[in-house]
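All residue numbers for the sequence shown refer to our numbering, where the first residue is 2 and numbers rise by one. Virtual Cβ for every residue (Gly too), placed ideally from N, Cα, C. Notes follow once the structure below has been shown.
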Amino acid sequence: MMPRVFIFGNTSFSRASIPEILADFEQLPTVDESALTPELRQAYKNNLEAYRLFVAEKDVPLRQIRDLTGVDPKQLYLLLQRVLVRAEDGRIQGLRGLIPFKHMKEYERCVAVKATSVLFTKNASGAMAQLLKKFPSLNTWTRKNVRLRNKPLRPGEIREVKKSVRSLHTDFLKKCKHLGVQNDEYPFNQDLLGFRSFQALVKQITLEQKGSHRKADDQPASVEAQPDMEFERWPVGNVPFKLVQFDGHKIDVRLTLVVNDPFGMQTVIEIARIWILVVKDVSTRCVLGYYIAYGVEYNKDDVAEAIQAAIVPHRRMKMTIPGLEIKEGGGFPNEVMPELEYHRLSWFHYDTAKSHIAQDSLDRLADVLGCWTMSGRLGIADDRAIIERFFGLLEEFFHQIPGTTGSKPTDPVRRLGNVGRDLYRLMTVEELEQVVEVVIGNKNGDASSALGGRTPLEAMMYQTSKPEFLLQTLPVNRRHQLFLLKEATIKVVRGAKTAPHINFEGVKYTSDLLARRHELVGKTLRIYFIARDIRTIHAFFEDGSELGILVASRQWRKTPHSLRLRKEILRIIRLGFLRVGPGDDPVEAYVRNKRKAATESKRAGNSIAKVRAGIAAANSAAAFGDTPFGPVAPPETALSDEQASLSVPKKKAKPGEVVVPVPLTLKKTLLF
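Structure, rendered in structure tokens:
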């Protein structure tokens, strides 16, 4: 019989009465697992799986949950209570409550500290925090003097430089006396007068004020990321998703971009060649996903975008070219077979390009997706013959297009396809995107001799329908964490004189939750961002607990833009080549600036193409409800420019016009 416990204010609680929202992992505050040690990470995963079975698989007996995860049935209700505990940000702890040994609140001393003696020392844990809480002015005085201790002398100023902690402690005791602390009270009733606690406090304040952070100790690699001994030999892709190959290829064709000017006319400009990044399954020859990088070179963030495109559900592009569509029998695996959405990869095979072999990226790939990674031998293309052959087939297509550059400067097709300066005969970026979608989708539907005359999609359907094929989709609670494929950035919460915020790439970010929590000023956060659109970022605390989504200041939240683009905009602003007013959209001003230079520079055209691609991707994601970090709740209060609200812009109604209310999508969570 199910034990009777006291949850939700009901002593007759049972698993059947658990609200469905507690099983919706995309809506619960989440955890950055990479911040945990291997031991804590494994214990967290056990708690997470036990919690998932407890709230989502209510037919699974408690004994079976214990056998699968090692979590005792008595602990399941404790885990549920920890998930429901109110956090400091006003939300429930959510998945943060499943972190082993995580304190639901900071230790707060309640009793007075007794005097120490020579023979016996009483416990004084939390005594310094208790003292500072009792006398807020003492806390303010300490922080001010620690800041002054690390501040250089001003012109004409005479004071003690780098005041010693011992001298500062003496002044601290004088301040305590002035505030009325008695001799039988802390810190005067201690042998060392609280010097060690004060020394630790000074060190902590100094680190916070300098914005430094403690680096994690070197930890051994995760057990999951270590390949078993039986895989020392070269892996064979004999089943779908066991071995995938990845590479990037520069498209062999000149491209143009059509830009609409303020006068309603169009300007055609040429851009530099761009890259296509592809993830291909070895067993079935299916292209799992691709990504077009608009930079002159691509980096590790573009690689992460391509990997994510191979896992998340594929959204078919809307075609504007008449008669252009993917043929019957073509498409992408997780589009044709929805059961393959979010299927994990076992082995990820890449070459030795610098953007591929970034060690932190490979570690995150192993941790987030649970796959092994391996590099092909330098200079031996046959190690990745399948992906190289695919790019060869793409070249055959692009070499037939006017404006092709060929595979090398001496390629004859370069001369045959030369159109000179007649830019209107070149393919546009919009046309290229649609053509690439159709070409790759059709390749997945073309018969292959390597598959016995079957198409890659037919081979995928056949092999995945076998009884022995094990479907290994990512757990629901991990599907919304693919942004963790990116590297965490450490930032310090600022706002001593303003609302709390962080500074990221020259722009202030905040949220309603952060703006109200002044105690976080000086604390460090781990933030993640989607490189293609950095209007929002996802913030976590150092222990892995989620803070939530932070939004850029009003100027920078209007137009979708990438990390590269913002750096470029800020660079030319500093150089004085671009001026942006307080109410101007920097991205729009940048496009206007580049439009003038695009007639002389192809790279300027690439810059405009990246802006256009970012806006199109953001609009497409919004149409399907695929926001980078899930639905974002608009801030509740009207903030200053750097903490402005996310309210929907109001549209002025014309006389006699009926105003239709705009619905808002709010993030579902439990608030107290």
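Beta-carbon gap between R385 and Q246 smaller than 8 Å: Here residue 385 refers to the residue found at position 384 of the sequence shown. Here residue 246 refers to the residue found at position 245 of the sequence shown. Cβ distance < 8 Å, so R385 and Q246 count as in contact.
By a C-beta neighbour count over all protein chains shown, 10 Å radius and 16 as the cutoff for buried, is F470 buried or exposed?
The count along the sequence shown starts at 1 and reaches residue 470 at position 469. Residue environment for F470: exposed (fewer than 16 other C-beta atoms within 10 angstroms of its C-beta).
- Message: Let me confirm a value: V203 is counted as buried when at least 16 other C-beta atoms fall within 10 Å, else exposed. Which label applies?
- Response: Sequence index remark: in the sequence shown, residue 203 carries index 202 (1-based). The residue is buried, with at least 16 neighbouring Cβ atoms inside 10 Å.
Should the region 252-260 be regarded as contacting the region 405-414, the criterion being three or more beta carbon pairs within less than 8 Å?
Contact annotation: the region 252-260 touches the region 405-414, with at least three C-beta pairs closer than 8 Å.
key: Own chain partners of F399 with C-beta closer than 8 Å, once the 5 adjacent residues on each side are dropped   = Within the sequence shown, residue 399 is the residue found at index 398, counting from 1. I252, D253, V254 and T405.
Whole runs of the alpha helix (DSSP H) within the region 315-354, excluding any shorter than 4 residues: Unbroken alpha helix (DSSP H) runs of no fewer than 4 residues, entirely contained in the region 315-354, are found at 334-337, following chain order.
Review point. Which residue's Cα is closest to the Cα of I388: E543, D248 and I100?
Key: The residue you call residue 388 lines up with position 387 of the sequence shown. Among E543, D248 and I100, the Cα nearest to that of I388 is on D248.
message = What would DSSP say about G238, mapped onto helix, strand or coil?
response = Looking up residue 238 in the sequence shown gives position 237. DSSP places G238 in the coil class of the three-state scheme, outside both helix and strand.
Do P457 and C287 have their C-beta atoms within less than 8 Å of each other?
Reading the sequence shown from its first residue, position 456 is the one you call residue 457. Reading the sequence shown from its first residue, position 286 is the one you call residue 287. The criterion of a C-beta distance shorter than 8 Å is satisfied by P457 and C287.
Next on the checklist: Tell me the rounded alpha-carbon separation between L576 and K568.
Outcome noted: The residue given as residue 576 occupies position 575 in the sequence shown. The residue given as residue 568 occupies position 567 in the sequence shown. So the two alpha carbons sit approximately 12 Å from each other.
Query - Coil, strand or helix - N445 by DSSP - result: Within the sequence shown, residue 445 is the residue found at index 444, counting from 1. The three-state secondary structure of N445, taken from DSSP, is coil.
Q) Which word fits G523, buried or exposed, when buried means at least 16 other C-beta atoms lie within 10 angstroms of its C-beta? A) Here residue 523 corresponds to residue number 522 of the sequence shown, with the count starting at 1. By the 16-neighbour rule on beta-carbons within 10 angstroms, G523 is buried.
Roughly how many angstroms separate the alpha carbons of D534 and I270, rounded to a whole number? As a working mapping, residue 534 is identified with position 533 in the sequence shown. As a working mapping, residue 270 is identified with position 269 in the sequence shown. Cα-Cα distance, rounded: 24 Å.
Check your understanding: Going by DSSP, which residues form a beta bridge with D248?
Key -> Here residue 248 refers to the residue found at position 247 when the sequence shown is read from its first residue. Within the DSSP bridge table, the entry for D248 names V279 as partners.
Close Cβ partners of A448 (< 8 Å) along its chain, the five nearest in sequence each way excluded:
For the purposes of this step, residue 448 is taken as the residue at position 447 of the sequence shown. Closer than 8 Å at the Cβ level, and outside the excluded window around A448, lie G454, R455 and T456.
#### Entry: Nearest to L174 (by Cα), restricted to the options V162, G195 and D185
Taking the first residue of the sequence shown as position 1, residue 174 is located at position 173. Closest in C-alpha terms to L174, from the list V162, G195 and D185, comes G195.
### Query
D534 lies in the beta strand (DSSP E); which residues open and close that run?
In the sequence shown, counting from the first residue as 1, residue 534 sits at position 533. Unbroken beta strand (DSSP E) run through D534: D534 to F542.
inquiry  = Since Q508 and A540 should fall inside the 8 Å C-beta cutoff, what is the C-beta to C-beta distance between them, to a whole number of angstroms?
reply    = Against the sequence shown, residue 508 aligns to sequence position 507. Against the sequence shown, residue 540 aligns to sequence position 539. Here residue 508 turns out to be Val, not Gln, going by the sequence shown. Between A540 and V508 the Cβ distance is about 14 Å, and since that is not below 8 Å, they are no contact.
Sort out for me which residues DSSP pairs S376 with in a bridge. Locating residue 376 in the sequence shown gives position 375, counting from the first residue. Note: S376 sits in a beta bridge opposite Y351.
| query | Between the region 52-60 and the region 495-512, are three or more C-beta pairs nearer than 8 Å? | reply | Not touching, per the Cβ criterion.
> Smallest Cα separation from R416: which of M428, R167 and Q401?
Replying inline: Residue mapping note: residue 416 aligns to position 415 of the sequence shown, counting from 1. Of the candidates M428, R167 and Q401, the residue whose Cα lies closest to the Cα of R416 is Q401.
Taking the alpha helix (DSSP H) that N140 falls in, what are its first and last residues? Along the sequence shown, one-based indexing puts residue 140 at 139. Segment P137 to R150, the alpha helix (DSSP H) holding N140.
### Query
Per DSSP, what kind of secondary structure is Y187 in: helix, strand or coil?
The count along the sequence shown starts at 1 and reaches residue 187 at position 186. Coil, per DSSP.
Applying the 10 Å Cβ sphere with the 16-neighbour rule, what's the burial state of P334? In the sequence shown, the residue the question calls residue 334 occupies position 333. Buried, since its Cβ has 16 or more Cβ neighbours within 10 Å.
Task: Own chain, CB closer than 6 Å to G290, minus 5 neighbours either side, in chain order - done: By one-based count along the sequence shown, residue 290 stands at place 289. So the list reads V280, A310 and A311, once near-sequence residues are dropped.
> So, G549 versus E34, is the Cβ gap smaller than 8 Å?
Replying inline: Walking along the sequence shown from the start, residue 549 turns up at place 548. Walking along the sequence shown from the start, residue 34 turns up at place 33. Between G549 and E34, the gap from beta carbon to beta carbon reaches 8 Å or more.
May I have the straight-line CA-CA distance separating L677 from V147, to the nearest angstrom?
In the structure as shown, the chain begins at 2 and stops at 673. Residue 677 is therefore absent and cannot be evaluated.
Cβ pair count under 8 Å reaching 3, the region 125-137 against the region 81-95
By the criterion of at least three beta-carbon pairs nearer than 8 Å, the region 125-137 is not in contact with the region 81-95.
| Among R150, A294, Q65 and I22, which residue has its Cα nearest to the Cα of V437? | Locating residue 437 in the sequence shown gives position 436, counting from the first residue. Residue A294 is the option with its Cα nearest to V437.
Please name the residue, chosen from A17, L132 and R565, that lies closest to G296 on a Cα-to-Cα basis. The count along the sequence shown starts at 1 and reaches residue 296 at position 295. Of the candidates A17, L132 and R565, the residue whose Cα lies closest to the Cα of G296 is R565.
(request) Let me know if Y425 comes out buried or exposed under the rule of 16 or more other beta-carbons within 10 Å of its beta-carbon. (result) Counting from 1 along the sequence shown, the entry for residue 425 is found at position 424. So Y425 ends up on the exposed side.
Give the DSSP-derived three-state secondary structure of T456 in the structure shown. The count along the sequence shown starts at 1 and reaches residue 456 at position 455. Coil, per DSSP.
| query | Would DSSP call F550 helix, strand or coil? | reply | On the sequence shown, residue 550 is found 549 positions in, with the first residue counted as 1. The sequence as given places Ile at residue 550; Phe does not occur at that position. Under the three-state reduction of DSSP, I550 is assigned to strand.
- Message: For G496 and H519, what's the separation of their Cα atoms in angstroms?
- Response: In the sequence shown, counting from the first residue as 1, residue 496 sits at position 495. In the sequence shown, counting from the first residue as 1, residue 519 sits at position 518. Spanning the alpha carbons of G496 and H519 requires a straight line of approximately 8 Å.
Review point. What's the gap between the Cα of K59 and the Cα of L77?
Key: Counting from 1 along the sequence shown, the entry for residue 59 is found at position 58. Counting from 1 along the sequence shown, the entry for residue 77 is found at position 76. Between the C-alpha atoms of K59 and L77 there is a straight-line separation of about 12 Å.
Using three-state DSSP, classify M105 as helix, strand or coil. Residue 105 sits at position 104 when you count from the first residue of the sequence shown. DSSP places M105 outside both helix and strand once states are collapsed to three, so it counts as coil.
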